[in-house]
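Working notes, beginning with the structure itself.
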Amino acid sequence: MASFISLLLLFNLFVHKLCYAADTINHNNVLRDGDTLVSNGGIFALGFFSPGNSKQRYVGIWYNKIPGQTVVWVANRDNPINNNSSSGVVKVDELGKLAIFNANSSPNPLWSANISATANTTSSTLSYKLLDTGNLVLRDENQGDFLWQSFDYPTDAFLPGMKLGFNKKTGLSWSLTSWKSPDDPSTGEFTLGMDLTGLPELVIKKASQKIWRTGPWAGEGFNGVPGMGPNPVVNFSFVDNPDEIYYSHSYYNTNTFSRIMFDYLGFDRTLIWIESTGRWVVIRTYPDDICDSYGKCGAFGSCRPNNQPTCLCLSGFEPSDGSTADGSAGVNNCSCTGYASAYVNGSGCLVWFGDLTDMREFTNGGQDFFVRVNAIEIGNSIVHSKGSFTKKKLVITLCVVIVVGLLIFISGFCYFFKKAKGRGILQRKRLQKQLLKPSPETNEETNTKFELPIFDLNSMMVATENFSLTNELGAGGFGSVYKGTLCDGREIAVKRLSKNSGQGVIEFKNEVELIAKLQHRNLVQIIGCCIEEEEKMLIYEYMPNKSLDFLLAFSSWVAIYHSFPIPGVNLQHAWELWIDGRVLESVDLTIGNSFPEKEVVRFIQVGILCVQENAKDRPTMYNVIFMLSNERPIPSPKQPAFVLISNHNSANASASPSINEMSITIVEGR
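Here the sequence shown stands for residues -21 to -1, 1 to 649, where the numbers follow mature numbering (1 follows the signal peptide of the UniProt record, and there is no 0).
What follows is the structure, given as structure tokens:
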């Protein structure tokens, strides 16, 4: 009997563990400390954890497949289970709320989901599901909408698909709050959310004090965050309608693991997981420099991070106390206005009234900002500038005398250098523009808009670690192939053409267009190209043990087709074998049977099509490539040119042979 009871307990434990390989919890089961919910795709997990050196137990969500338990959401951040106890339990209560209990203490929950029961809702119809986005959602079997979701109550992580802003109907605020420390996820003193005072913008605050802001949305991004324009990696969006106002983002490549972490020091850091290196990489941090500090230079003062003094008054303004050189004290009794462009549907502007605070200069990006200033003040500013010039006139004159000789020498050198290089630079620019236009000779069947992404040389150098030999996959007469990793984590193969390959930009363009149109199960796909300075590169998706084979095989494949000769009598013999259904007899007997019959028949069929009597019946080079790269049916050939009219199709065996002028294009593989 004792053995039976032990066996039963073990069975129950086994079944209990099996229950939590799923992604859902409802009123029929509980989640104990040591169990986890795992999303359907295995991306995220939910369970109990202790951060850092803490002995407290929390319920949170983390990346399931990434080592190190990167937590992105905490339920009971301010009400942990104390003393590293394993008595924690998560279950759905009688009201349908997901709740956390300490089985060894009070029956009252430490935390519960903030939901309101409806007339048609019972706990028996409710279930909580962990999605592959990292969102824990509450669903009613009788309804389709979410009744509650963890994305509405973020902690310190901003995941793709989350919102930062407000629900105008319910008053719910979507904002981030920092942890107190790496070992303590309880509510910290920093917040990141949307400020609706004036123009909507994202703001970092310490308690009620502004630390940093994004600036208002300008149509394509926040005007205080350079680099937020349209790009092929991430999509930024801003929504303002009668129901809600929020900012969100998403990645075009859904396999990208990325998060924005708002850390306990008040820094907003964007991180991307690089699978090849097995680590998170920080690609952006705000605040980033001294000028990111809110109001650094006061009203009508502009902050310049790479200059001394850092703060400078705008033209027409001066420090109000008469002594502060950096203008941080502002000016007296001024209500000037300013404006900047807003790219909303291609037009628009943003307008400011009153004191202008928290202006800065950007070394890259940013927007032009226009300030309305009294004309007299501008005149005084100009006069003041002339006075300053007079005081420094002697020093400047001496400097000019010293450098004039150098300038003359450098100017002469640059003149001859630019003259020699100018033609080449202009020619490369023209060819780069030509690369973006579709070839005029493509027919309607294969002529598609050429929108292959153009990568810059710098990004290719970063991706391949400056074309390191350790990343080289192989080399040939055409150049070398390197393995690389883009900033979004995608692995690529970069075909870097040798400067001695003999290929010009026109040939390079033809190859790019041709490969971009290919769709074949045995070929990896091209994802972009690069033509800059003296470099010409093709960028392909990286497939282990395949990319190099494709790059080397493509040229050979084209060469094989162009070396298919059917001159004179051989063509007539091939045609007779074709119409008799004995075309394989034309294969050289020395090859034996070691060839794919279907492919050989298809090659011969394409070859006969290429020498048709009527030029309209002959396929273009683009059509030939498509015919050879898939198994779709192709037209049956008619009687080709240069074939004597035989008794197969005519009773007049003495008919004159057909004569047809044709051009032959020879393309050699690289």
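Beta carbons are placed, not taken as given, at the ideal position from N, Cα and C, and that holds for glycine.
For residue j and residue i, the rounded distance between their alpha carbons
i, j, result
"I269", "T289", "9 Å"
"I433", "T256", "26 Å"
"E120", "Y107", "11 Å"
"T235", "R56", "27 Å"
"I494", "I604", "10 Å"
"P614", "T264", "59 Å"
"residue 653", "P59", "Lying before the first or after the last residue shown, residue 653 is absent from the chain, which here runs from -21 to 649."
"V71", "S95", "14 Å"
"G391", "K478", "30 Å"
"G20", "D111", "6 Å"
"S526", "C508", "Residue placement at S526 cannot be trusted, given a pLDDT of 45 that sits under 50; what the coordinates show is reported in the next sentence. S526 and C508: Cα-Cα distance of roughly 15 Å."
"D124", "V69", "23 Å"
"T15", "A24", "6 Å"
"S33", "I506", "47 Å"
"M606", "Y230", "36 Å"
"R11", "W90", "15 Å"
"E511", "R475", "12 Å"
"M141", "H228", "8 Å"
"V441", "L465", "8 Å"
"V491", "L517", "7 Å"
"P636", "M439", "Here P636 scores only 43 on pLDDT, less than 50, and its place in the model is too uncertain to base an answer on."
"W252", "V379", "53 Å"
Counterpart residues of residue i in DSSP-defined beta bridges
i, result
"T249", "I239 and R263"
"L117", "Y107 and W127"
"T15", "G26"
"F80", "V68"
"C292", "G280"
"I190", "I190 pairs with nothing; no bridge assigned."
"R475", "S459 and M516"
"C509", "M516"
"L10", "V69"
"K184", "T170 and K189"
"E470", "T464"
"W90", "I79"
Residue i vs residue j beta-carbon contact at 8 Å
i, j, result
"E223", "F137", "no"
"S157", "G172", "no"
"P161", "Y37", "no"
"G13", "S65", "yes"
"G245", "F169", "yes"
"D174", "F241", "no"
"R581", "C589", "no"
"L550", "P619", "yes"
"Y273", "I190", "yes"
"E451", "S459", "yes"
"K515", "F487", "yes"
"G164", "V53", "Before going on, a small fix: residue 164 reads as Pro here, not Gly. Taking 8 Å as the Cβ cut-off, P164 and V53 qualify as a contacting pair."
"G75", "L105", "yes"
Status (buried if at least 16 other CB within 10 Å, exposed otherwise) for residue i
i, result
"E513", "exposed"
"Q122", "exposed"
"C393", "exposed"
"N312", "Low confidence applies here, because N312 scores a pLDDT of 36, under 50, leaving its location unreliable; read the following figure in that light. With fewer than 16 other Cβ atoms within 10 Å, it is exposed."
"F388", "exposed"
"F279", "buried"
Spatial neighbours of residue i in its chain, beta-carbon cut-off 8 Å, leaving aside the 5 residues before and after
i, result
"S557", "Ser is not the amino acid found at residue 557; the sequence shown has Trp there. Excluding sequence neighbours, W557 sits near I583, Q584, I587 and P616."
"K147", "P221, D222, E223 and I224"
"F574", "V566"
Neighbourhood of residue i by C-beta distance below 6 Å, restricted to the same chain and skipping five residues each side
i, result
"Q128", "N114 and V116"
"K275", "C282"
"S152", "F145"
"V212", "D467"
"R248", "M240, V261 and T264"
Neighbourhood of residue i by C-beta, 7 Å cutoff - its chain only, sequence neighbours within 5 removed
i, result
"E564", "L556"
"F217", "W196 and Y226"
"G31", "P161 and D162"
"A532", "A caution first: A532 carries a pLDDT of 43, below 50, which makes its placement in the model too unreliable to give a value."
"N62", "K34"
"T193", "E180, L181, F201, G203 and V204"
Proximity test, residue i beta-carbon vs the ligand ZN heavy atom, cut-off 7 Å
i, result
"V261", "Inclusion of the ligand ZN in the displayed structure is not the case, the ligand content being empty and no account of it being possible."
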